[in-house]
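Engineer:
In the numbering used here, the protein residues as written are -14 to 170.
(1) Going by CA-CA distance only, name the one from 67, 3, 41 that's closest to residue 74.
(2) Less than 8 Å between the beta carbons of residue 105 and residue 68, yes or no?
(3) For residue 1, count neighbouring C-beta atoms within 10 Å of its own C-beta (all shown protein chains included) and say buried if the count is 16 or more, exposed if not.
(4) Return the first residue and the last residue of the alpha helix (DSSP H) that residue 96 is part of.
(5) Across which residues does DSSP place residue 67 in a beta bridge pair?
(6) Nearest-angstrom Cα distance between residue 65 and residue 57?
(7) So, helix, strand or coil for residue 115, using DSSP?
(8) Using the beta-carbon count (16 or more within 10 Å), is residue 161 buried or exposed?
(9) In whole angstroms, what is the alpha-carbon distance linking residue 124 and residue 40?
(10) Measure the CB-CB distance between residue 111 and residue 146 and report whether it falls below 8 Å.
(11) Would you kindly work out how many angstroms separate the C-alpha atoms of residue 141 and residue -4, rounded to a whole number?
(12) So, at 7 Å on beta carbons, what are the nonlocal neighbours of residue 156 in its own chain, with the 5 sequence-adjacent residues on each side left out?
(13) Alpha carbon to alpha carbon, what distance is there between residue 43 and residue 114?
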C-alpha cells in the first residue's frame, strides 16, 4: 500500500471511481449532504492540469490498483490552517486497515512537506469509521457543531478533529503500529 502523486495514466481510473456511478456507495460516507455532480470524462480530462499538478491530492494504491485518494485544503492559508481527508472508493477495502495506513502516511507527509503545526480533519457524526480512524491516529475532537448536517431525513453533527505536530511526533515514537506503517512506506 502506498500514496503517490496522480499521473496522467490514472485519470481514467479516477474518473470511473469518482463519476462512474450515479450514486456511488462511497458518497454515502463522504459528505453525503453535498450533491454528487457527475461530469463526463472529456471535461474531467480537459481539467487534467489542475489534477496532475496539484500537491493537495494523492492516490492510494494497493497492488498497483487505485483504491482511493487523500487530500487537503486550506481553511485559512495565512495561519496554516489545513484540513485533510481520505476517500476509499472500493467497499472491499473498507474496514481492513488500508484507510488507517494511508491516512497515517498522509499526515506524516503533510507534516514533513508543509510548514504546519496542526493537521485537521472534518467529518460528520454519521461517519463513525472516520471518527474511529482519526482517534486511532491520535486526533482529538476539537469541535462539534450540533445538528448542522442534514442527510436522509436526519440531522447530524459536524465533527472537527485535529492533531498537533508535537503530538504526532510523540505518537510516532510510542506507537508500534504507527512505527510499522511509516517504516514500510
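Note that beta-carbon positions come from the ideal geometry of N, C-alpha and C, so glycine has one too.
Structural biologist: Short version:
(1) Counted from its first residue, the chain shown places residue 74 at position 89. If we check each option's Cα against that of residue 74, 3 comes out closest.
(2) Translated into the one-based positions of the chain shown, residue 105 becomes position 120. Translated into the one-based positions of the chain shown, residue 68 becomes position 83. With respect to residue 68, residue 105 sits close: the two C-beta atoms are nearer than 8 Å.
(3) Taking the chain shown and counting its residues from 1, one reaches residue 1 at position 16. Here residue 1 is exposed, its C-beta having fewer than 16 other C-beta atoms within 10 Å.
(4) By one-based count along the chain shown, residue 96 stands at place 111. Unbroken alpha helix (DSSP H) run through residue 96: 83 to 98.
(5) The residue you call residue 67 lines up with position 82 of the chain shown. BP columns for residue 67 point to 59.
(6) Working through the chain shown from its first residue, we reach residue 65 at position 80. Working through the chain shown from its first residue, we reach residue 57 at position 72. Cα to Cα, the separation comes out at about 12 Å.
(7) As a first step, residue 115 must be located in the chain shown, where it is residue number 130. In this structure, residue 115 counts as helix in the three-state DSSP scheme.
(8) Indexing the chain shown from 1 puts residue 161 at position 176. Residue 161 is exposed by the Cβ-count criterion.
(9) Within the chain shown, numbered from 1, the residue matching residue 124 stands at position 139. Within the chain shown, numbered from 1, the residue matching residue 40 stands at position 55. About 23 Å.
(10) Mapped onto the chain shown, residue 111 falls at position 126. Mapped onto the chain shown, residue 146 falls at position 161. No, the pair does not count as a contact, with Cβ atoms beyond the cut-off.
(11) The sequence position of residue 141 within the chain shown is 156, counting from 1. The sequence position of residue -4 within the chain shown is 11, counting from 1. Cα-Cα distance, rounded: 33 Å.
(12) Numbered from its first residue, the chain shown carries residue 156 at position 171. Excluding positions up to five away in sequence, the list reads 123, 163.
(13) Working through the chain shown from its first residue, we reach residue 114 at position 129. Working through the chain shown from its first residue, we reach residue 43 at position 58. Cα-Cα distance, rounded: 21 Å.
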